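See structure below.
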Amino acid sequence: VLAVLRVLAGNTPAIQRILKDLSHPHRFVRSAALDALETVGHKVIAKAFVPILEDRPGAAAQGGPAGEEELLAWVGLWLKSPYRWIRACGTFAVGKLGLAGLQQELVNSLNDTYELARANAIEALAQFNGASHRVYFERMLKDPSPLPRRYAQEFLK
Numbered sequence: 009v010l011a012v013l014r015v016l017a018g019n020t021p022a023i024q025r026i027l028k029d030l031s032h033p034h035r036f037v038r039s040a041a042l043d044a045l046e047t048v049g050h051k052v053i054a055k056a057f058v059p060i061l062e063d064r065p066g067a068a069a070q071g072g073p074a075g076e077e078e079l080l081a082w083v084g085l086w087l088k089s090p091y092r093w094i095r096a097c098g099t100f101a102v103g104k105l106g107l108a109g110l111q112q113e114l115v116n117s118l119n120d121t122y123e124l125a126r127a128n129a130i131e132a133l134a135q136f137n138g139a140s141h142r143v144y145f146e147r148m149l150k151d152p153s154p155l156p157r158r159y160a161q162e163f164l165k
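In this note's numbering, the protein residues as written are 9 to 165.
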């Protein structure tokens, strides 16, 4: 996905920085990168990603607000994407949108190969009665990557 964006947006140092920030572990940096991508004139490119941060995935593609069933299906596809960044966006979206019907998929995402997807899954699970997910957070304290460990520690406090 990032390689396609790089080709479409140009491979200038500024675009490289924006694209790098799309994978940043902090959601506000990712959001700012999306805003920057849109600002430099690539609205068509950014349009597919902006709904993730606007509580309405699918609205850009469908032309209107999405219902709960549509959101579950749409975000569920993101969680199964072959692209790690899309999976990370999916785990982020589940928590941000409160899609309780995808909690088991979040638990599965704790085993994702991408650390940001695992960290976002921890954050999302914490929004669904984090106490009942404590066992998962404790397991994630042993994660080989520091980012999911840090998220797990935060939610175990």
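A virtual CB, placed ideally from N, CA and C, is assigned to each residue, including glycine.
Nothing here was measured: the structure is a model prediction, and the numbers come from that model.
### Query
DSSP state of proline 156, grouped into three classes?
One-based indexing of the sequence shown puts residue 156 at position 148. DSSP places proline 156 in helix when its eight states are reduced to three.
Given 8 Å, three or more beta-carbon pairs between the segment 119 to 131 and the segment 82 to 102: yes
Reducing DSSP to helix, strand and coil, say where glutamate 146 ends up. Counting from 1 along the sequence shown, the entry for residue 146 is found at position 138. Glutamate 146: helix per DSSP, three-state reduction.
Cα separation between phenylalanine 36 and arginine 25?
Looking up residue 36 in the sequence shown gives position 28. Looking up residue 25 in the sequence shown gives position 17. Approximately 15 Å, taken between the alpha carbons.
Where the alpha helix (DSSP H) containing valine 85 begins and where it ends: Taking the sequence shown and counting its residues from 1, the one referred to as residue 85 is at position 77. Note that residue 85 is leucine in the sequence shown, not valine. Note, leucine 85: alpha helix (DSSP H), 76 to 87.
Return the chain-ordered ranges of every alpha helix (DSSP H) run that is complete within the segment 108 to 139 and spans a minimum of 4 residues. 111 to 117, 123 to 134
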